[in-house]
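To get the working numbering, take the position in the sequence shown, counting from 1, and add 1341.
Quick reminder that beta carbons are idealized off the backbone N, C-alpha and C, glycines included.
Okay, so here's the structure we're looking at.
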Amino acid sequence: MKPQQTLGFAEHFIRPAPGRVSGHFGAQRIYNGTPGSAHSGMDIAAGAGTPVVAPAAGRVVFAEPDLYLTGGTVLIDHGHGIGSNFLHLSRIDVAVGETIDQGQRLGAVGASGRATGAHLHWGMTWYDVRIDPEQVLAR
Ligand SMILES: [Zn+2]
């Protein structure tokens, strides 16, 4: 049987939450004076509880309410190797295996895990390569 494919990759991506962009992809982070890894996604400053919606259709492949570093975490497979991850969520409204539409609520902004304040971290991958969500939005 052929695995089910989603067509989310072909859609125009939308922002998953409103708010100011507070962190850019690739920015070098400094922890206690020591350079850390480059920032792997885009941060959107939004108040705790702000709805987070799917930027494109896909299938939920991971949903955990409270991981040590990333807090409430959801991963969506948009098909053809394109994935999104949403970190530090205060709540999760989807379950693993669920197919979701573009614009459908998947959770809410929070500050769970290692986060200094409420914001949405949105990361994107193409297979195992991290890509910049801002570039995807700009297309
Ligand atoms: Zn971030």
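key: Pro1376 - partner residues in DSSP beta bridges   = As a working note, residue 1376 is residue 35 in the sequence shown. Per DSSP, Ile1371.
ask   = What residues in its chain sit with their C-beta under 8 Å from that of Pro1474, if we drop five residues either side in the sequence?
value = Indexing the sequence shown from 1 puts residue 1474 at position 133. Contacts found: Phe1354, Phe1366, Gly1382, Met1383, Pro1396, Ser1425, Trp1463, Gly1464 and Met1465.
key: Residue closest to His1419, alpha-carbon to alpha-carbon, out of Thr1440, Ile1433 and Ala1459   = Mapped onto the sequence shown, residue 1419 falls at position 78. The residue with the shortest Cα to Cα distance from His1419 is Thr1440.
task = Could you tell me which residues DSSP pairs with Ser1425 in its beta bridges?
result = Your numbering for residue 1425 matches position 84 in the sequence shown. In DSSP, Ser1425 forms a bridge with Ile1417 and Met1465.
Leu1428 classed as buried or exposed, judged by whether at least 16 other C-beta atoms fall within 10 angstroms = The residue given as residue 1428 occupies position 87 in the sequence shown. Counting Cβ neighbours within 10 Å, Leu1428 comes out buried, since at least 16 surround it.
ask   = From this set, Arg1455, Gly1399, His1460 and Ala1456, which residue's C-alpha is nearest Val1437's C-alpha?
value = Taking the sequence shown and counting its residues from 1, the one referred to as residue 1437 is at position 96. The option with the nearest alpha carbon to Val1437 is Gly1399.
ask   = Is the beta carbon of Ser1453 within less than 8 Å of some heavy atom of ligand 1?
value = Here residue 1453 corresponds to residue number 112 of the sequence shown, with the count starting at 1. The answer is no for Ser1453.
query = What residues in its chain sit with their C-beta under 8 Å from that of Arg1370, if we drop five residues either side in the sequence?
reply = Here residue 1370 refers to the residue found at position 29 when the sequence shown is read from its first residue. Excluding residues within five positions, the ones whose Cβ falls inside 8 Å are Pro1376, Gly1377, Ser1378, Ala1379 and His1380.
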